[in-house]
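In the working numbering, the protein residues as written are 6 to 997.
By construction, the Cβ of each residue, glycine as well, lies at the ideal position given by its N, Cα and C atoms.
Remember, predicted model here, so these are calculated numbers, not experimental data.
All remarks here apply to the structure that follows.
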């Protein structure tokens, strides 16, 4: 008995606590609701005072104008403007719904229309995926089905918030969104991608986040298309769709999202033009005109007290059956509050007045609806309406944060629906032979981004290609092991297979039997039905610059994949397919704000570069900035030469000069050190015995790499091979011959044994004299350091330096253009020219190393000879910041990187091979003054530099050909251009 009593008491306590918790939750919810509603209880009196003043200032007939919202355009002529103005003046319209045009044009029209309106106008837009749906020159947000693939709703809320901000910039108050239709019919011709998905809870969650984002920030949301347009096979724009579901099914599925949103203060609903016999059996009577649907179901049964809008009254779903004016009256009698896209406002008002006289509707009922509209206008801030500021309006609408949010939304929606054998993200890049193929449209952005990660051959085919075209393509793809296919020409028309050709699918299936084929559908998810059997398939839901740019990042593991299918497409592709796919940490690409940098500050780099080019410091260049593993700034400036023969692009390959020292030779030495194959405390003669007995044999490796071994700065070896300004015939030929195959420049080949001669001359060179009273050599930067280290690397690895670094670094990292002797691998026009060499080679140098000593080495030397793009350098530096790991490869160890990149002595700022900022505060040396002292990098004689900052996870790359056409041009150094840009980058990461 005692146990039972205690059980009852415990039960009562639990119930009491639950009630208390629920009570407090209700109080807290009410409090939150009051906080987010600008109309707190104390402000309600002001609201009613304003409503009453406006209401009583008009006659009953004038008040009727508040019930109407007509269509306005900012891309039409003066006649349209005059017609809208006449309706506003004569009919006292309640609002306008803007369609196509431009932001500034619309803003100017809004200011004008508001200035002539007796009562401030509601300004609305049907902007489901943002104002880009209607206006040019603005960023598009994703469509609903794209958002349906997101794993969480927080970004959708942020999107609603940002849309609200944009709406306010344009003086708008109502967004006819979100679409809350549960799209249960894949063949739906009008909803489809406009719906969040096919499952009611998913739709409710996504649309609720969208609604709150809008309404929490002062813009009215509008849920549509009531009571549910998700299972139709015709379009209400052209006919009256029929829905044959039972009332119970409609209430269970289609009305579920509405109930959820209404419970969370949904402010408005749009009623669809649908014929639903189970709700109203009157033949061809659209739900918009049904009293049961609008008044009984929505307002009474569902307890909705917000504004009820009709769908556009010019749509064939109603206009095929009723005349203008007549349809407006029927919609009003059904219970709608605002009549959208009325075709004849005067006629409609006349018929409403007649209906009042006939007792079909009372003045009091209409007055109550007018007051409800006026209350909503007060909520929207129209009681203190101010003109739109049009100065820099487009800049405010298209802010950096707007672009970043759109990027995040598109990125997180990308869905990997199949990934057989976990091929994605792609690994072991050196084992693939890549090709890309785009079908049915422009895939330029997609293909360019793929090339950021690996060497690709790119191909394209038009939609519906015939057997002959596919046969030719199969031949082109014959030598490739991995093919990435972008399917571009996707439509939203289910009746035409969404634009996907059966022949294309047939050939893709055949191709996937022979190779690793990765298919990417850029468009409507339902189109993937024909691609269900593809082994590695990705759906992006839309085709735009965002999705084309982001998808390669998922393919190569620069971004994680998160998306999950919000609809079922086939047995293989069910709702929920996809989910989390972990990336590999390769470099991704975004805007500065993604990593906390200020775009406006970084834009100052443009000015520095433009001024420098104008002063002829260099004809062109590229600047890249990466932060936290993400490239946030990469821009090209100027041209290859001062004749402007070719503009520089971010794909332009530059002679890196002394950056070779750190991204080739030093990397190779670090590779050996990390595997304990060399000891930096031993003399070089330990590894190169032939040096013993020379003045170089006892030089300690760490001293050599710190430039403190007594080596002279450089030796002009080329001077030994010329006489009286001409080549010595014993060393060079204009055409390759049996003993003359070392490429020095175009049409210039050196004797094969010349490298041995240079090595001999180097070994015989004197060391610097020790300064009086010193036991050790002082610091002097020397190219000879890298001659010695190149020989050491090649001896220990039994490979030429270029082969070793290519096989162990560049190829595994996918760096196809980081190379020695680039003319062997790429067209010369991709490479920026350097000096017009009138002293040694007597020709313009393009595609061959600028440094004479490296050229005499056949283009592969420890101190110079490496060429590359800015992106290649960023990857190499990210490898360093990652502690020797990048993507799926681990090349170096963290300790080795720390040892080589730290300052090595009190004599200089140098590490082992690496340059560093000056140790004194306020001095940067070759780096910016603001660079942290942990920064490491190098500069190059041709006008290049690369820096990595572990403390700030920051990478800076600067490439130019300042030596063109004359190496004596020192404006780059004199004006400290590289360091100025470096400091701008640091200033950009400071919070304003």
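Cβ neighbour criterion (16 or more within 10 Å) applied to residue i
i, result
"residue 724", "exposed"
"residue 333", "buried"
"residue 1", "The chain is shown only over 6 to 997; residue 1 falls outside these bounds and no answer can be derived."
"residue 926", "exposed"
"residue 97", "buried"
"residue 855", "buried"
"residue 721", "exposed"
"residue 178", "buried"
"residue 712", "buried"
"residue 555", "buried"
"residue 472", "exposed"
"residue 632", "buried"
"residue 440", "buried"
"residue 756", "buried"
"residue 265", "buried"
"residue 765", "exposed"
"residue 197", "buried"
"residue 843", "exposed"
"residue 846", "buried"
"residue 979", "exposed"
"residue 199", "buried"
Coil, strand or helix - residue i by DSSP
i, result
"residue 28", "Only weak support exists for where residue 28 lies, its pLDDT of 44 falling under 50; the coordinates are left without a value."
"residue 709", "helix"
"residue 373", "helix"
"residue 891", "strand"
"residue 640", "strand"
"residue 597", "helix"
"residue 870", "coil"
"residue 117", "helix"
"residue 215", "helix"
"residue 245", "coil"
"residue 671", "helix"
"residue 848", "strand"
"residue 813", "helix"
"residue 157", "coil"
"residue 40", "Legend: pLDDT at residue 40 = 43, less than 50; position of this residue unreliable, no value from coordinates given."
For residue j and residue i, believed in contact at Cβ under 8 Å, the rounded distance
i, j, result
"residue 1", "residue 607", "Within the shown structure, residues of the chain are numbered from 6 to 997, placing residue 1 beyond reach of any answer."
"residue 228", "residue 294", "So it is not a contact: roughly 19 Å between Cβ atoms."
"residue 853", "residue 751", "7 Å"
"residue 674", "residue 794", "6 Å"
"residue 248", "residue 237", "6 Å"
"residue 899", "residue 889", "6 Å"
Cβ neighbours of residue i in the same chain (closer than 7 Å, five flanking residues each side left out)
i, result
"residue 443", "451, 452, 465, 491, 493"
"residue 56", "376, 379, 380, 383"
"residue 620", "976"
"residue 65", "368"
"residue 601", "994"
"residue 111", "79, 103, 140, 175"
"residue 799", "805, 806"
Spatial neighbours of residue i in its chain, beta-carbon cut-off 8 Å, leaving aside the 5 residues before and after
i, result
"residue 801", "677, 682, 683, 692"
"residue 613", "982, 985, 986, 989"
Cut-off 6 Å between Cβ atoms - residues of its own chain near residue i, not counting five sequence neighbours on either side
i, result
"residue 999", "Because the chain spans 6 through 997 in this model, residue 999 falls outside it and cannot be assessed."
"residue 411", "144, 146"
"residue 654", "641"
Meets three-Cβ-pair contact criterion under 8 Å: the segment 391 to 404 and the segment 526 to 545 | By the C-beta criterion, the segment 391 to 404 is judged not to be in contact with the segment 526 to 545, since fewer than 3 inter-stretch pairs fall below 8 Å.
Spell out a yes or no on whether the segment 697 to 713 and the segment 812 to 825 are touching, meaning 3 or more CB-CB pairs, one atom from each, closer than 8 Å.
-> No, the segment 697 to 713 is not in contact with the segment 812 to 825.
Does the segment 567 to 578 touch the segment 952 to 964, meaning 3 or more C-beta pairs lie closer than 8 Å?
-> No, the segment 952 to 964 does not touch the segment 567 to 578.
Would you call the segment 421 to 429 and the segment 776 to 787 in contact, with 3 or more CB pairs under 8 Å?
-> At 8 Å Cβ cutoff, the stretches do not touch.
Evaluate the contact criterion for the segment 726 to 736 versus the segment 828 to 838: three or more CB pairs, one atom per stretch, below 8 Å.
-> Not touching, per the Cβ criterion.
Decide yes or no for the touch test of the segment 88 to 95 against the segment 148 to 160: beta carbon pairs closer than 8 Å, at least 3 of them.
-> The segment 88 to 95 is not in contact with the segment 148 to 160.
Would you check if there are 3 or more beta carbon pairs closer than 8 Å linking the segment 207 to 219 to the segment 178 to 190?
-> The segment 178 to 190 and the segment 207 to 219 touch, with three or more beta-carbon pairs separated by less than 8 Å.
Three-pair Cβ contact test at 8 Å for the segment 501 to 516 versus the segment 540 to 551 | By the Cβ rule, the segment 501 to 516 does not count as touching the segment 540 to 551, because fewer than three pairs are nearer than 8 Å.
Cβ pair count under 8 Å reaching 3, the segment 344 to 362 against the segment 318 to 330 = Yes, since at least three Cβ pairs between the segment 344 to 362 and the segment 318 to 330 fall closer than 8 Å, the two stretches touch.
Check whether the segment 939 to 955 touches the segment 555 to 568, counting contact only when three or more Cβ pairs, one atom from each stretch, lie closer than 8 Å.
-> Remark: fewer than three beta-carbon pairs, one from each stretch, lie closer than 8 Å, so the segment 939 to 955 and the segment 555 to 568 are not flagged as touching.
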